[in-house]
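Peer 1: Please find one structure pasted underneath; my questions will follow.
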Amino acid sequence: MKHLRLAILAAPILLASAAFAQNQVATLRNNAPLDQEGEATQIPGVVNTDIRQVRNYPDQPPLIPHKTDNYQVDLNSNKCLTCHSRTAVEVSQAPMISVTHFMNREGQTLGAVSPRRYFCNQCHVVQTNARPLVENEFVDVDKVIDYVKTQQGGAD
């Protein structure tokens, strides 16, 4: 009897959560029913301004402020290094890759880019003008620090 009461009480909660979850999934499908294929959204354009983007937290890899279509990055070639290598930045005026890209796992500085840092798009991505798929309440680290300072009365 006790289990029956528990099942009766839990049923509306399970049904409501399933309906809520279905609505959440539907928003990512442009409100297309789950049993139908929805219309594909247009691929967002790449921001191609060559203007550096603000980083949202320390040690965030910089975003790529230009198109990288048809860039070859494989074992034989790395198109990114055409502009961002140590020897190319004088001509290209692009920022040089970080000195950390020349360090191996043991922290030794190498004469060339470390193999573990050679594939740029493992960490760096282009910025697009895509609208967010879900609501985002991300807060920049500087805003968090400012908030903490105001809560502490400005004391460091």
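Residue numbers (mature numbering (1 follows the signal peptide of the UniProt record, and there is no 0)): -21 to -1, 1 to 135. Here a beta-carbon is modelled for each residue, glycine too, at the ideal position from N, C-alpha and C.
Alpha carbon to alpha carbon, what distance is there between ASN27 and PRO12?
Peer 2: Distance between the alpha carbons of PRO12 and ASN27 is about 35 Å.
Peer 1: Rounded to the nearest angstrom, how far is the Cβ of VAL70 from that of CYS59, given a contact under 8 Å?
Peer 2: The Cβ separation is near 15 Å, so there is no contact.
Peer 1: Closest by CA to ASN10, which one among ASP125, GLN130, LEU112 and VAL120?
Peer 2: LEU112
Peer 1: Going by the CB atoms, is the gap between PHE81 and residue 143 shorter than 8 Å?
Peer 2: Limits of the chain in this structure are -21 at one end and 135 at the other, which puts residue 143 out of reach.
Peer 1: Report all residues from its chain with a CB closer than 6 Å to the CB of LYS122; omit the five preceding and five following residues, and keep chain order.
Peer 2: none
Peer 1: Would you mind reading off the limits of the alpha helix (DSSP H) that contains HIS63?
Peer 2: That run of the alpha helix (DSSP H) goes 60 to 63.
Peer 1: Taking just the CA atoms, how far does ASP29 sit from ASN35?
Peer 2: Separation of ASN35 and ASP29 (C-alpha to C-alpha, rounded to the nearest whole angstrom) is 18 Å.
Peer 1: Would the beta-carbon of PRO41 fall within 8 Å of that of ALA109?
Peer 2: Not in contact: PRO41 and ALA109 (Cβ atoms no closer than 8 Å).
Peer 1: In whole angstroms, give me the CA-to-CA distance for GLN106 and PHE117.
Peer 2: For GLN106 and PHE117, the distance between alpha carbons rounds to 17 Å.
Peer 1: For a test of the three-state rule: what should DSSP assign to ASN57, helix, strand or coil?
Peer 2: strand
Peer 1: Which value, in whole angstroms, describes the spacing of the CA atoms of GLU85 and CYS102?
Peer 2: So the two alpha carbons sit approximately 20 Å from each other.
Peer 1: Beta-carbon within less than 6 Å of ILE43's beta-carbon, same chain only, minus the 5 sequence neighbours each way: which residues are those?
Peer 2: HIS103 and VAL105
Peer 1: Relative to the alpha-carbon of ARG95, which residue among GLN15, LEU54 and GLU114 has its alpha-carbon at the smallest distance?
Peer 2: Of GLN15, LEU54 and GLU114, the residue nearest in Cα terms is LEU54.
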